[in-house]
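Enquirer:
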Amino acid sequence: MNQNEVAARAKDYIAKEKDAGFRAEVEKLLEAGDYKELEDRFYQNLEFGTGGLRGVIGGGYNRMNTLVVKSATQGLAGYLIKALPEKAKAGKLSAVIAFDSRHYSAEFAEASALIFAANGITCSLFSGLRPTPELSFAIRRLGCDTGIVITASHNPPKYNGYKAYWGSGAQVIPPHDKGIIDEVNAVTEIKEMAREEALAKGLLVIIDKEIDGPYREMVKSCLFRPALIKEKAKEVKIVYTPLHGTGAYQVEPVLEGLGLKVITVPEQREGNGDFPTVAFPNPEEAAALEMAIKLGIKERADVVMATDPDADRFGIAVPGAGAAGGGVFTLVTGNQMGALLEDYIFLSLKELGKMPARPAMVNSIVTTGMQKKIAEYYGAQCFECLTGFKWIADIMEKCEKDGSASIVFGTEESYGYLVENEVRDKDGVSAAALTAEMTLYWRSKNKSLLDRLNELYEICGYWEEMGISKYFQGPEGPVTMKRIMEEYRKNPPKFLGGIEVVRVRDILNGADGLPPSDVLQFFLKDGTVVSARPSGTEPKIKFYASCHAALGKGGLTEAKAEAGKKLAAIKDDIRAVIGN
């Protein structure tokens, strides 16, 4: 874009943005003639993708701000009215909104609620911070037609985001996602209503206890052994961090209500959009759990738990072998945690005589192959889906309708788990509760979670995973990402890490029953699977590898060394293409 085009878009934004702060940002940049920064803010509109919006907070069409959020909600409202015309005519459309601790989350949430009200859609709005899984629960419990959560999940402080949900309680999928995107892109007029008027007309309803209590009870109801918890709760000490997000509001009362001793990291307990103690508020990052692990060592904790800012992701660290509540802690990966929870759920259903006739679980195509082996061990099926819990929820809903299977667990490698049916998104709160019970169960068998994980390796062979994320910032970023994916498609590697590629699965136009998605997968001769996927919410390409090594005479030690060597060689080949 030339400077005149950038200036014209900036002036158009200034004329439309009602928030004085965001408007002033752009005005100052124009006055200073900072066209490099202006171009970054205006070279494109922040795209409303299949999961909603996510971007850097600030003034401009390529930023998260009040005007962009209002436009998105107007588009969502417009689509809802077209998709459900009878309910719209009867004035019975409804929505619910939740938000996390990020900067402007409360403001964006209220602005969205008032857009719904102006369009004749009754909107329930939480009065304060709530986890994303509680939003999904609220949609289903209140019978709403749509929902929004304002969050950027585990991104750095400068980001915020907007996730759109349908009446199923899951994030939108085709055909609704495309329909909403088309409506958002076509918005020319935004309807608005004052808060006082919306409240007076009953189009804005503030909620709290109507959902909080039922949600907590639902989480408790998904546990298998309440008697064991009641008897042994005092034997396990938990250190927990919400990483300055929403988690403490539900994790603490749920776990403490079960009689468990929970010590929350005081410096990270309260919501704070600056996330002052962490570079990334992400339970996948060892550095994010550093304060919790230090407190865990001091308190001789049995498990350290963490949720991300909107409490949909969940991670743990546990004392290493021989640490017995102190010393060195081991970070459990998302793939390993998913395997442990899957195993515990199937084992419990079997032991308690509650295994359904057609048991099944769902995981994403970039999640460890170990989970399919565990499902087979218990005589269960493992469905695969695209990355994103909306696809797990879609399979759950389809199986419910046709009775083809009973889905008892859903998971993906990025620390997402769903252990109940009342929520249709990943749920860090219920995962925390079930992990506490699982820890107690294996303690009653004189085993740790790491002991059980090693037993699973004996059953399934050793599995290890690797992830690489490469960011491509600025106007040239999308072009570079597209070029890399096109090159992989034109000239797929014949070997990765020295291992022959025996099959390439390109899902761009759909494949093997999976809907279209910009994903490439390389299946290697030894069973390793390598995947490449541009992110739908950030300017990055993610690479995944799931590697298997059989346990031979050298046992687990030799298998780990073999898998590590394979993954290191694969990483070198990927880095050679994308750079460091």
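Residue numbers (our numbering): 2 to 581.
Ideal Cβ placement from N, Cα and C applies to all residues, glycine included.
The model shown is predicted, which means the values in this text are computed figures rather than measured ones.
Is it buried or exposed for residue 624, if we count other Cβ within 10 angstroms and need 16 for buried?
Expert: The displayed coordinates of the chain run from 2 to 581. Any statement about residue 624 would go beyond what the structure contains.
Enquirer: Alpha carbon to alpha carbon, how far is residue 61 from residue 11? Give it in angstroms, no decimals.
Expert: On the sequence shown, position 10 is the one that residue 11 refers to. On the sequence shown, position 60 is the one that residue 61 refers to. Whole-angstrom Cα-Cα distance: 7 Å.
Enquirer: When we look at the beta-carbon of residue 273 and count the other beta-carbons within 10 Å, is it buried (16 or more) or exposed?
Expert: Here residue 273 corresponds to residue number 272 of the sequence shown, with the count starting at 1. By the 10 Å Cβ count, residue 273 comes out buried.
Enquirer: What residue ranges within the region 77-137 form continuous beta strand (DSSP E) runs of no fewer than 3 residues, ordered along the chain?
Expert: 95-100, 123-127
Enquirer: Using DSSP's beta-bridge definition, name the partner residues of residue 315.
Expert: Residue mapping note: residue 315 aligns to position 314 of the sequence shown, counting from 1. Bridge partners of residue 315: 308.
Enquirer: By the 10 Å Cβ neighbour count, where 16 or more other Cβ atoms means buried, how is residue 472 classified, buried or exposed?
Expert: Your numbering for residue 472 matches position 471 in the sequence shown. Flag for residue 472 reads exposed.
Enquirer: Kindly confirm or deny that the region 89-105 and the region 170-185 touch, where touching means at least three C-beta pairs closer than 8 Å.
Expert: no
Enquirer: Touch check for the region 394-403 and the region 268-283: three-plus C-beta pairs under 8 Å?
Expert: no
Enquirer: Could you compute how far the alpha carbon of residue 572 sits from the alpha carbon of residue 403?
Expert: Residue numbering aside, residue 572 sits at position 571 when the sequence shown is read from its first letter. Residue numbering aside, residue 403 sits at position 402 when the sequence shown is read from its first letter. Approximately 42 Å, taken between the alpha carbons.
Enquirer: Can you give, in chain order, each stretch of the alpha helix (DSSP H) that sits fully within the region 195-221 and has at least 4 residues?
Expert: You should have 196-201.
Enquirer: What alpha helix (DSSP H) runs, 4 residues minimum, are completely inside the region 401-469?
Expert: 429-445, 450-461
Enquirer: For the beta strand (DSSP E) containing residue 544, list its first residue and its last residue.
Expert: Numbered from its first residue, the sequence shown carries residue 544 at position 543. Segment 541-550, the beta strand (DSSP E) holding residue 544.
Enquirer: May I ask you to list the residues that DSSP assigns as paired with residue 532?
Expert: One-based indexing of the sequence shown puts residue 532 at position 531. Answer by DSSP bridge pairing, in chain order: 522, 545.
Enquirer: The alpha helix (DSSP H) that contains residue 349, what's its start and end?
Expert: Position 348 of the sequence shown, counted from the start, is the residue given in the question as residue 349. Looking at the DSSP string, the run of the alpha helix (DSSP H) that includes residue 349 is 335-352.
Enquirer: Evaluate contact between the region 188-208 and the region 115-122, counting only Cβ atoms and requiring at least three cross-stretch pairs below 8 Å.
Expert: Contact annotation: the region 188-208 touches the region 115-122, with at least three C-beta pairs closer than 8 Å.
Enquirer: Under a three-way DSSP split, which group does residue 25 fall into?
Expert: The residue labelled residue 25 in the question sits at position 24 within the sequence shown. In this structure, residue 25 counts as helix in the three-state DSSP scheme.
Enquirer: For residue 346, count the other beta carbons within 10 Å of its own beta carbon; 16 or more makes it buried, fewer makes it exposed. Which is it?
Expert: As a first step, residue 346 must be located in the sequence shown, where it is residue number 345. Burial call: buried.
Enquirer: Considering only the beta carbon of each residue, do residue 206 and residue 95 sit closer than 7 Å?
Expert: Translated into the one-based positions of the sequence shown, residue 206 becomes position 205. Translated into the one-based positions of the sequence shown, residue 95 becomes position 94. It is not a contact, given that the beta carbons lie outside the stated cut-off.
Enquirer: With a threshold of 16 other CB atoms inside 10 Å of the CB of residue 6, please say whether the residue is buried or exposed.
Expert: As a first step, residue 6 must be located in the sequence shown, where it is residue number 5. So residue 6 ends up on the exposed side.
Enquirer: Tell me whether the beta-carbon of residue 548 lies closer than 7 Å to the beta-carbon of residue 560.
Expert: Looking up residue 548 in the sequence shown gives position 547. Looking up residue 560 in the sequence shown gives position 559. Residue 560 sits away from residue 548, with the two beta carbons spaced by 7 Å or more.
Enquirer: Contact between the region 305-314 and the region 233-248 is defined here as three or more beta-carbon pairs at a separation below 8 Å; is this criterion met?
Expert: yes
Enquirer: Would you kindly check if the distance between the Cβ of residue 361 and the Cβ of residue 432 is under 7 Å?
Expert: In the sequence shown, residue 432 corresponds to position 431, counting from 1. In the sequence shown, residue 361 corresponds to position 360, counting from 1. Result no, Cβ atoms of residue 432 and residue 361 do not sit closer than 7 Å.
Enquirer: Apart from the five residues just before and just after residue 219, which ones in its own chain have a Cβ nearer than 6 Å to its Cβ?
Expert: Position 218 of the sequence shown, counted from the start, is the residue given in the question as residue 219. Once the five neighbours on either side are set aside, the close Cβ partners of residue 219 are 423.
Enquirer: Between which residues of its own chain and residue 197 is the CB-CB distance below 8 Å, once the five residues before and five after are set aside?
Expert: The residue labelled residue 197 in the question sits at position 196 within the sequence shown. The answer is none, since no qualifying residue turns up.
Enquirer: Between which two residues does the beta strand (DSSP E) holding residue 240 run?
Expert: In the sequence shown, residue 240 corresponds to position 239, counting from 1. Here the beta strand (DSSP E) through residue 240 covers 238-242.
Enquirer: For residue 509 and residue 258, I'd like the C-alpha separation in whole angstroms.
Expert: Looking up residue 509 in the sequence shown gives position 508. Looking up residue 258 in the sequence shown gives position 257. Residue 509 and residue 258: Cα-Cα distance of roughly 47 Å.
Enquirer: Could you say which of 158, 287, 443, 380 lies nearest to residue 56 if we only look at CA atoms?
Expert: Your numbering for residue 56 matches position 55 in the sequence shown. The candidate whose alpha carbon is nearest that of residue 56 is 158.
Enquirer: Taking the alpha carbon of residue 261 as the reference point, which residue from 192, 223, 434 has its own alpha carbon closest?
Expert: Sequence index remark: in the sequence shown, residue 261 carries index 260 (1-based). The option with the nearest alpha carbon to residue 261 is 434.
Enquirer: Output the distance between the C-alpha atoms of residue 554 and residue 59, rounded to the nearest integer angstrom.
Expert: Position 553 of the sequence shown, counting from 1, holds the residue named residue 554. Position 58 of the sequence shown, counting from 1, holds the residue named residue 59. Answer to the nearest angstrom: the Cα atoms are 58 Å apart.
Enquirer: Closest to residue 376 by CA distance: which of 400, 348, 65, 180 is it?
Expert: Taking the first residue of the sequence shown as position 1, residue 376 is located at position 375. If we check each option's Cα against that of residue 376, 348 comes out closest.
Enquirer: Please tell me whether residue 373 and residue 461 are closer than 7 Å, where the distance is taken between their beta carbons.
Expert: Your numbering for residue 373 matches position 372 in the sequence shown. Your numbering for residue 461 matches position 460 in the sequence shown. Not a contact, by the Cβ cut-off of 7 Å.
Enquirer: One question on the structure: do residue 150 and residue 76 come within less than 7 Å of each other, judged by their Cβ atoms?
Expert: Within the sequence shown, the letter at position 149 stands for residue 150. Within the sequence shown, the letter at position 75 stands for residue 76. No, the pair does not count as a contact, with Cβ atoms beyond the cut-off.
Enquirer: Please classify residue 41 as buried or exposed, where buried requires at least 16 other C-beta atoms within 10 Å of its C-beta.
Expert: Here residue 41 refers to the residue found at position 40 when the sequence shown is read from its first residue. When all chains shown are included, residue 41 counts as buried.
Enquirer: Residue 331 bridges to which residues according to DSSP?
Expert: One-based indexing of the sequence shown puts residue 331 at position 330. In the DSSP output, where bridge partners are listed per residue, residue 331 has 319.
Enquirer: May I ask you to report which of helix, strand or coil DSSP gives residue 262?
Expert: As a first step, residue 262 is located in the sequence shown; it is residue number 261 there, counting from the start. Three-state DSSP puts residue 262 in a strand.
Enquirer: Excluding five sequence neighbours on each side, which residues of the same chain lie with their C-beta closer than 6 Å to the C-beta of residue 19?
Expert: Here residue 19 refers to the residue found at position 18 of the sequence shown. The answer is none, since no qualifying residue turns up.
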